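Our numbering applies: residue 146 is where the sequence shown begins, and numbers increase by one.
Data block below; observations after.
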Amino acid sequence: MELVLITGMSGAGRTIVLRKFEDMGYFCVDNLPPALLPQFARLCRDQGNVSRAACVVDLRGGKFFQGLSGAIEELRAAGVRTTILFLDSSDEVLTRRFKETRRRHPLFGRRRGIPESIHSERLALQDVRGMADKIIDTSTMLPRDLRAEIAEHFAHGHTPGPTITVRSFGFKHGIPLDADLVFDVRLLANPHYVPALKDTDGLCPEVVEYVKRDPNTSEYLTRLFDLLAFSLPLYVAEGKAYLTIAIGCTGGKHRSVVLAEEVVRFLKGLGYHVVVQHRDIGKAWG
C-alpha cells in the first residue's frame, strides 16, 4: 500500500494538494490524528481494498501531532510505503495569503498576530520538515502549477529510484527552498550582454550555441555529469524518493536553462524519471 502524508505550513496549499490527490484516485482524509495512521492503513489495506491513500496531518491536531514520528516508524515497519510531502512557502507570502482569504491561522489564538503565528508554526514543524521525502515551495506557484507538480510526481505508478526535478533559477530571485543540490553556473559566458541574445532565453538555439561555445561549459558539464553519475546511485541506495537539482545563473533565463536541459538529457539517458522546471525564465533580468 502507498500512503502519502501531506503536511507543512498553513496556507501553503494543503487543501489544493489533497483535492488533487482525490482527483487522481487516492482515498483521502483531512486532519487525521497521527496516532490513528497505522489503524487507518490497516483498514484500507485489509478491509477497504485501498492501494493508494493520502492524509493531511498538521498542527490542527494539537497535542496529537506530536506522535507523527512514531506513527511513521510503525507504518514503515508494517510495510506501508509512506511518503512525507511537506508544503512550504515564505513568511511574506503566507502572511499575504491569510490577509487575502481572511482565514484564521490555527495558532492565532495563542499569539499576537499572523506573523508571530507563522513563526511559531515554522519552529514547531522543523523536525517534520527534516523528515520529509519531498518538499514543495509554493511561494511563486499558482494553484494550477501546484496541481501540475503533484500530478507529475504522484500520478504515475511507482518506479524504482528517485523522481528528479531539475530546476533552473536566477540567484537574484533567490535559491529554491526545496533544492537538494545547488550548482552555480554564473562563471560561464553570459548571453545577456550580447544585444542579439539579451531578450531571448536558454531554449533559443542561438543561446544554446553561445553558451556551449564557451570552452568552460564542456568541462563544467563533464565534471557535473561525473558527480551526478556517482551520487545518484547512492541516493537510490539510501531510499530517497525525490531529489531536486537546482542550477542557477544571475537572472535564470540563459545559462541555467541551457545547462538544466543538458542535465535532463543526461539523466534521462541513465534511465531516471526526470522533471524539468525553468522557474525564472519569464522574469525580467534587470
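Just so you know, even glycine gets a beta-carbon here, dropped at the ideal spot from N, CA and C.
If you're wondering where the values come from, they're calculated on a predicted model, not measured in any experiment.
3 or more residues per run - each beta strand (DSSP E) lying fully within the segment 305-390: 308-315 and 326-329
Assigned exposure category for Met276 - 16 Cβ within 10 Å defines buried: One-based indexing of the sequence shown puts residue 276 at position 131. The residue in question, Met276, is exposed, as its Cβ has fewer than 16 Cβ neighbours within 10 Å.
Beta-carbon contacts of Asp236 that lie in its chain and below 6 Å, excluding the five residues immediately before and after: On the sequence shown, residue 236 is found 91 positions in, with the first residue counted as 1. Ile263.
Opening and closing residue of the beta strand (DSSP E) in which Arg197 lies: Translated into positions along the sequence shown, residue 197 becomes position 52. Counting along the chain, the beta strand (DSSP E) containing Arg197 begins and ends at Arg197 to Val201.
Sheet register partners of Gly153 (DSSP bridge): Taking the sequence shown and counting its residues from 1, one reaches residue 153 at position 8. Bridge partners of Gly153: Leu232.
Environment of Pro378 [buried if 16+ CB atoms lie within 10 Å]: Numbered from its first residue, the sequence shown carries residue 378 at position 233. Exposed, since its Cβ has fewer than 16 Cβ neighbours within 10 Å.
Burial state of Ala374, where buried means 16 or more other Cβ atoms lie within 10 Å: Residue mapping note: residue 374 aligns to position 229 of the sequence shown, counting from 1. It is exposed - the Cβ of Ala374 has fewer than 16 other Cβ atoms within 10 Å.
Segment contact, 8 Å Cβ cut-off, at least three pairs: the segment 318-330 with the segment 288-301: no
Pairwise C-alpha distance: Lys413 and Val403: Position 258 of the sequence shown, counted from the start, is the residue given in the question as residue 403. Position 268 of the sequence shown, counted from the start, is the residue given in the question as residue 413. Each residue's alpha carbon lies about 16 Å from the other.
Leu388 versus Leu239, Val311, Arg248 and Ser363, residue with shortest Cα-Cα distance: The residue you call residue 388 lines up with position 243 of the sequence shown. Out of Leu239, Val311, Arg248 and Ser363, Val311 has the C-alpha closest to the C-alpha of Leu388.
DSSP three-state assignment for His303, whether helix, strand or coil: As a first step, residue 303 is located in the sequence shown; it is residue number 158 there, counting from the start. Any reading at His303 must be qualified, since the residue scores a pLDDT of 46, below 50, and its modelled position is unreliable; the value itself is stated next. Residue state, collapsed to three classes: coil.
For Glu147: DSSP bridge partner residues: Here residue 147 is taken as the residue at index 2 of the sequence shown, counted from 1. Arg197 and Arg226, per the DSSP bridge assignment.
Supposed contact pair Asp175 and Val201 - C-beta distance, whole angstroms, cut 8 Å: Stepping through the sequence shown from its first residue, residue 201 is reached at position 56. Stepping through the sequence shown from its first residue, residue 175 is reached at position 30. Yes, they are in contact, since the Cβ atoms of Val201 and Asp175 sit about 5 Å apart, within 8 Å.
Environment of Thr304 [buried if 16+ CB atoms lie within 10 Å]: Counted from its first residue, the sequence shown places residue 304 at position 159. Residue confidence is low: Thr304 scores 47 on pLDDT, short of 50, so the model does not pin down where it sits. Its coordinate-derived value is still stated next. Exposed.
Range of the contiguous beta strand (DSSP E) that encloses Ile280: On the sequence shown, position 135 is the one that residue 280 refers to. That run of the beta strand (DSSP E) goes Lys279 to Asp282.
Beta-carbon separation (whole angstroms), Lys165 vs Leu230, contact threshold 8 Å: Position 20 of the sequence shown, counted from the start, is the residue given in the question as residue 165. Position 85 of the sequence shown, counted from the start, is the residue given in the question as residue 230. About 11 Å separates the two Cβ atoms, so there is no contact after all.
C-beta atoms of His337 and Gly396 nearer than 8 Å: On the sequence shown, residue 337 is found 192 positions in, with the first residue counted as 1. On the sequence shown, residue 396 is found 251 positions in, with the first residue counted as 1. Taking 8 Å as the Cβ cut-off, His337 and Gly396 qualify as a contacting pair.
Neighbour-count burial assignment, Ser401, 16 or more Cβ in a 10 Å radius: Here residue 401 refers to the residue found at position 256 of the sequence shown. So Ser401 ends up on the buried side.
Three-pair Cβ contact test at 8 Å for the segment 283-290 versus the segment 356-374: no
Distance CB(Leu204)-CB(Pro260) smaller than 8 Å: Position 59 of the sequence shown, counted from the first residue, corresponds to residue 204. Position 115 of the sequence shown, counted from the first residue, corresponds to residue 260. For Leu204 and Pro260, no; Cβs fall outside 8 Å.
DSSP state of Ile161 mapped onto helix, strand, coil: Translated into the one-based positions of the sequence shown, residue 161 becomes position 16. Ile161 falls in the helix class under three-state DSSP.
Among Lys428, His399, Val419 and Lys385, the one whose alpha carbon lies nearest that of Thr228: As a first step, residue 228 is located in the sequence shown; it is residue number 83 there, counting from the start. Per the Cα distances, Lys385.
Closer than 8 Å to chain D by CB, Leu366: Note that chain D does not occur in the displayed structure, where there is just one protein chain.
Whether Gly158 touches Thr283 by CB criterion (8 Å): If you number the sequence shown from 1, residue 158 lands on position 13. If you number the sequence shown from 1, residue 283 lands on position 138. Result yes, Cβ atoms of Gly158 and Thr283 sit closer than 8 Å.
Buried versus exposed call for Asn361 [16 or more other C-beta atoms within 10 Å across all chains shown]: Taking the first residue of the sequence shown as 1, we reach residue 361 at position 216. Label assigned to Asn361: exposed.
Endpoints, alpha helix (DSSP H) assigned at Gln192: The sequence position of residue 192 within the sequence shown is 47, counting from 1. Segment: none, Gln192 is in no alpha helix (DSSP H) and carries neither H nor E.
Val381 and Pro307 closer than 8 Å at C-beta: In the sequence shown, residue 381 corresponds to position 236, counting from 1. In the sequence shown, residue 307 corresponds to position 162, counting from 1. The answer is yes: Cβ separation under 8 Å.
CA-to-CA distance, Val330 to Val352, given in whole angstroms: Along the sequence shown, read from residue 1 onward, the residue named residue 352 stands at position 207. Along the sequence shown, read from residue 1 onward, the residue named residue 330 stands at position 185. Taking the straight line from one Cα to the other gives about 15 Å.
Ile426 (DSSP reduced to helix, strand or coil): Counting from 1 along the sequence shown, the entry for residue 426 is found at position 281. Residue state, collapsed to three classes: coil.
Residues sharing a beta bridge with His418, DSSP: Counted from its first residue, the sequence shown places residue 418 at position 273. Its beta-bridge partners are Thr308.
Outcome for Lys244 when other beta-carbon atoms lying within 10 angstroms are tallied against a minimum of 16: Counting from one through the sequence shown, the residue named residue 244 turns up at place 99. Result: exposed.
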